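Trainee:
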Amino acid sequence: MKGVKDAKHRWIVATFIILSTLMVTQIAFAAGDEAVNYGILSLITPFLAIVLSFVTKQVIVSLSAAVYVGAVIINHGNLFKGFLRSCDTYVIGTVTDSWNATLMVFILCVGGMIAIMGRMGGLQAMALAMAKKTKTSKHTLIATWILGIIIFFEDMANSLIVGPTMRPIADKQRVSREKLSYVVDSTAGPVTDMAFVSSWIAYEVGMIAIAFESVGLTDANPYSVFIQTIPFRFYNILAIVMVGIIVFMQRDYGPMYKAEKRARLTGKLYNDDAHPMMSKELDAMNVKEGVKLRSINAILPICAFIVVTLFAMYYTGGGFKMHFGFSAIQESFGNSDSAASILYAVIFSSILCIVMAIGQKIMTLREAVNVWLGGCKELLLTVVILTLAWSSGSVMSDLGTGLFIAELVGDSIPGVIIPVALFLVSCVVAFSTGTSYGTTAIMIPIAFPMAWGVAGGEMNSLTIVTIAAVTCGAIFGDHCSPISDTTIMSSMGTAADLMDHAKTQLPYACTVAAVAAVIGFIPAALGINPIISIVVGVVALGLIVRFVGKSTKQEDLEAEFGKATDETQAEG
Numbered sequence: 021m022k023g024v025k026d027a028k029h030r031w032i033v034a035t036f037i038i039l040s041t042l043m044v045t046q047i048a049f050a051a052g053d054e055a056v057n058y059g060i061l062s063l064i065t066p067f068l069a070i071v072l073s074f075v076t077k078q079v080i081v082s083l084s085a086a087v088y089v090g091a092v093i094i095n096h097g098n099l100f101k102g103f104l105r106s107c108d109t110y111v112i113g114t115v116t117d118s119w120n121a122t123l124m125v126f127i128l129c130v131g132g133m134i135a136i137m138g139r140m141g142g143l144q145a146m147a148l149a150m151a152k153k154t155k156t157s158k159h160t161l162i163a164t165w166i167l168g169i170i171i172f173f174e175d176m177a178n179s180l181i182v183g184p185t186m187r188p189i190a191d192k193q194r195v196s197r198e199k200l201s202y203v204v205d206s207t208a209g210p211v212t213d214m215a216f217v218s219s220w221i222a223y224e225v226g227m228i229a230i231a232f233e234s235v236g237l238t239d240a241n242p243y244s245v246f247i248q249t250i251p252f253r254f255y256n257i258l259a260i261v262m263v264g265i266i267v268f269m270q271r272d273y274g275p276m277y278k279a280e281k282r283a284r285l286t287g288k289l290y291n292d293d294a295h296p297m298m299s300k301e302l303d304a305m306n307v308k309e310g311v312k313l314r315s316i317n318a319i320l321p322i323c324a325f326i327v328v329t330l331f332a333m334y335y336t337g338g339g340f341k342m343h344f345g346f347s348a349i350q351e352s353f354g355n356s357d358s359a360a361s362i363l364y365a366v367i368f369s370s371i372l373c374i375v376m377a378i379g380q381k382i383m384t385l386r387e388a389v390n391v392w393l394g395g396c397k398e399l400l401l402t403v404v405i406l407t408l409a410w411s412s413g414s415v416m417s418d419l420g421t422g423l424f425i426a427e428l429v430g431d432s433i434p435g436v437i438i439p440v441a442l443f444l445v446s447c448v449v450a451f452s453t454g455t456s457y458g459t460t461a462i463m464i465p466i467a468f469p470m471a472w473g474v475a476g477g478e479m480n481s482l483t484i485v486t487i488a489a490v491t492c493g494a495i496f497g498d499h500c501s502p503i504s505d506t507t508i509m510s511s512m513g514t515a516a517d518l519m520d521h522a523k524t525q526l527p528y529a530c531t532v533a534a535v536a537a538v539i540g541f542i543p544a545a546l547g548i549n550p551i552i553s554i555v556v557g558v559v560a561l562g563l564i565v566r567f568v569g570k571s572t573k574q575e576d577l578e579a580e581f582g583k584a585t586d587e588t589q590a591e592g
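Take 21 as the starting number for the sequence shown in the numbering used here and just add one per residue.
1) Taking the continuous alpha helix (DSSP H) assigned at residue 525, which residues delimit it?
2) Ignore the nearest five residues each way along the sequence and tell me which others in residue 558's own chain have a CB closer than 8 angstroms to its CB.
3) Output the boundary residues of the alpha helix (DSSP H) element that contains residue 160.
4) Please state if the CB of residue 297 and the CB of residue 515 are separated by a distance shorter than 8 angstroms.
5) How is the alpha helix (DSSP H) around residue 499 delimited, first residue to last?
6) What is the DSSP secondary structure of residue 272, counted as helix, strand or coil?
7) Is residue 312 helix, strand or coil by DSSP?
8) Rounded to whole angstroms, what's the CA-CA distance from residue 396 to residue 127? Just pull it up for me.
9) If you measure between the beta carbons of residue 458 and residue 180, is that distance less than 8 angstroms?
10) My understanding is that residue 382 touches residue 186, with C-beta atoms under 8 angstroms, so please give their C-beta distance in whole angstroms.
11) Starting from the C-beta of residue 472, find all residues in its chain whose C-beta is less than 7 angstroms away, skip the five residues before and the five after it, and write them out in chain order.
12) For residue 550, which option in 489, 567 and 519 has the closest C-alpha, if you only look at C-alpha atoms?
13) So for residue 570, helix, strand or coil by DSSP?
14) Counting pairs of Cβ atoms below 8 angstroms between the region 398-413 and the region 78-96, do you hit three or more?
15) Cβ of residue 199 within 8 angstroms of Cβ of residue 276?
16) State the Cα-Cα distance for the pair residue 32 and residue 44, rounded to the nearest angstrom.
17) Which complete alpha helix (DSSP H) runs does the region 377-428 hold, if anything under 4 residues is left out?
18) Using CA coordinates, which residue listed in 280, 356, 460 and 442 is at the minimum distance from residue 578?
19) Roughly how many angstroms separate the alpha carbons of residue 55 and residue 399, rounded to a whole number?
20) Where does residue 310 land, buried or exposed, given buried means 16+ other C-beta within 10 angstroms?
21) Nearest to residue 72 by CA position, among 529, 502 and 535, is which residue?
22) Bridge partners of residue 550, per DSSP?
23) Return the bridge partner residues of residue 251 from the DSSP annotation.
24) Decide if residue 105 is buried, meaning its Cβ has at least 16 other Cβ atoms within 10 Å, or exposed.
25) Measure from the alpha carbon of residue 188 to the alpha carbon of each residue in 205, 562 and 161, then state which is nearest.
Next comes the structure, spelled out in structure tokens:
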């Protein structure tokens, strides 16, 4: 009964928020001035998307409301046109975008591939094999962490390989879905963003090149500058290290501690009111009766996926037109069509799964296709959420949300704190918009000229640190915003509730961001060696986890639970 009342109160609050924002739009456009600068109105869309997500715990409703209200603003307060443009311009426009469409088909195909591997017993066999070597939750999370770092070339491939592979093992060890999704998410974007060879390189190098052009800089190599920024990417480095500290020390704090306590003591891997991003049918991965469990039925398709992805990235990036070598690999991966590459790979691996199932007489062709289609169907929710997230991003782009936030504080930043200030602004922009690409596109052209001017028109440590700070801020938002595609993918790969994942991960991400800002970017702007900042930052994170966190070891939780029970009985 209490849960029903809480839900009712949440919807009352949500309705009030939506109606209030619509009223604001009507007041703003009451004068009939269609040339109005959106200004602060551009913040309404991200405000609705994020606040309603936490209030209602219904991401689809929240994003839909954000898209609609944003479209109303763009159409100068016209409620009817806002509805029409929400549908035909933003949602349909998102679906028909080639990059987005490719990614949506990829997600559905991943569901099909996972379903067949599970039905053949491959995932369960691999999980059992790994379980023999990962006998504790600590070992399982260490393995997840390492595997996430190894798959560095594409963040979405990372989430959708590591998550489904490690989830059965983590479930057996009573690791909460929130904890698993945190580990997977923290080794996706932060790792890919720093890799010498990855799907993100071309975009970032391109943004750096545009920034160079804006100040007339022609004698600097954008890729070389990208490499120079890596030691200064304090948030990325410390976010990855933070996972290791949490896992090795077996301590948590905030909502993550409650999630781990729930899972370890009750066996409930997620909250009772959670909505996992993968259905129970697919999550269970029921093996067909009488099938012998063989790890090869999962290992071979996964390896094929990785190999074909790398080959396709090399091919689509023009690698075969160059003289083979490490530089050719770097350049081709940087110029590759990563979305198309992972789509080619998952289709190839899906076909391989079907052939293996038929060849081993586990399934007929009809059965295999039906299982594959069933797996696709189970990930439709993810596709819908991603579509709405992208739609809200398009609305915010048209409103100029990111540019407004950047310009709001841009003129008032003293030179010595440019990197840390721009890092924090980028964090806000990325968290609000849910896109690292969009944040980089908005912030780099603003940030670099600022640093360039303060540096006296020279390429020095301040300009390098500033570029790193902006990209780190973009990764922060991409890492923990509930409307980020990477956050959504990590929730999907681990079958976690999206909002529970975002809520439990946010305190850790904010801790790392604070340490990166104070111990990383401020000293770096003063010329301190980044290695010193990283070492001090790691020590600081270790101390925070040690003294703020609580032990999640099974014996400690049981002892605490027993003590609490005794005290309750004594009071009774």
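In this text, a Cβ means the ideal position worked out from N, Cα and C, and glycines have one as well. Just so it is clear, the structure is predicted and the values come from calculations on it, not from any experiment.
Mentor: For this structure:
1) Position 505 of the sequence shown holds residue 525. Residue 525 -> alpha helix (DSSP H) spans 518-535.
2) On the sequence shown, position 538 is the one that residue 558 refers to. Cβ within range, chain order: 258, 261 and 265.
3) Stepping through the sequence shown from its first residue, residue 160 is reached at position 140. DSSP places residue 160 inside the alpha helix (DSSP H), whose first and last residues are 157-170.
4) On the sequence shown, residue 515 is found 495 positions in, with the first residue counted as 1. On the sequence shown, residue 297 is found 277 positions in, with the first residue counted as 1. When the beta-carbon positions are compared, residue 515 and residue 297 come within less than 8 angstroms of each other.
5) On the sequence shown, position 479 is the one that residue 499 refers to. Here the alpha helix (DSSP H) through residue 499 covers 481-500.
6) Translated into the one-based positions of the sequence shown, residue 272 becomes position 252. In the structure shown, residue 272 sits in a strand (DSSP, three-state: E or B).
7) Taking the sequence shown and counting its residues from 1, the one referred to as residue 312 is at position 292. If DSSP states are grouped into helix, strand and coil, residue 312 belongs with coil.
8) In the sequence shown, residue 396 corresponds to position 376, counting from 1. In the sequence shown, residue 127 corresponds to position 107, counting from 1. Cα atoms of residue 396 and residue 127: separation of roughly 8 angstroms, rounded to the nearest angstrom.
9) Counting from 1 along the sequence shown, the entry for residue 458 is found at position 438. Counting from 1 along the sequence shown, the entry for residue 180 is found at position 160. No, they are not a contact pair.
10) Your numbering for residue 382 matches position 362 in the sequence shown. Your numbering for residue 186 matches position 166 in the sequence shown. Rounded, the Cβ-Cβ distance is 24 angstroms, inconsistent with contact.
11) Looking up residue 472 in the sequence shown gives position 452. By the criterion of a C-beta distance shorter than 7 angstroms, residue 472 is surrounded in its chain by 235 and 483, once the five residues flanking it on both sides are discounted.
12) Here residue 550 corresponds to residue number 530 of the sequence shown, with the count starting at 1. Closest in alpha carbon position to residue 550, among 489, 567 and 519, is 489.
13) The residue you call residue 570 lines up with position 550 of the sequence shown. The answer is strand: DSSP assigns residue 570 an E or B state.
14) The region 398-413 vs the region 78-96: in contact.
15) Numbered from 1 along the sequence shown, position 179 holds the residue referred to as residue 199. Numbered from 1 along the sequence shown, position 256 holds the residue referred to as residue 276. Between residue 199 and residue 276, the CB-CB gap stays under 8 angstroms.
16) In the sequence shown, counting from the first residue as 1, residue 32 sits at position 12. In the sequence shown, counting from the first residue as 1, residue 44 sits at position 24. Note on geometry: alpha-carbon atoms of residue 32 and residue 44 lie some 18 angstroms from one another.
17) Fully enclosed alpha helix (DSSP H) runs of 4 or longer: 385-397 and 400-419.
18) What you label residue 578 is simply residue 558 of the sequence shown in a count that begins at 1. For residue 578, the nearest C-alpha among the options comes from 280.
19) For the purposes of this step, residue 55 is identified with residue 35 of the sequence shown, where counting begins at 1. For the purposes of this step, residue 399 is identified with residue 379 of the sequence shown, where counting begins at 1. With a pLDDT of 43 at residue 55, under the threshold of 50, the predicted position of this residue should be treated as unreliable, and no value is reported.
20) The residue you call residue 310 lines up with position 290 of the sequence shown. Residue environment analysis places residue 310 among the exposed positions, since fewer than 16 neighbouring C-beta atoms fall within 10 angstroms of its C-beta.
21) Here residue 72 refers to the residue found at position 52 of the sequence shown. Per the Cα distances, 502.
22) In the sequence shown, residue 550 corresponds to position 530, counting from 1. Under the DSSP definition of a beta bridge, residue 550 lacks any partner.
23) Against the sequence shown, residue 251 aligns to sequence position 231. Residue 251 is not bridged to any residue.
24) In the sequence shown, counting from the first residue as 1, residue 105 sits at position 85. With 16 or more other Cβ atoms within 10 Å, it is buried.
25) On the sequence shown, position 168 is the one that residue 188 refers to. Nearest Cα to residue 188 within the set 205, 562 and 161: 161.
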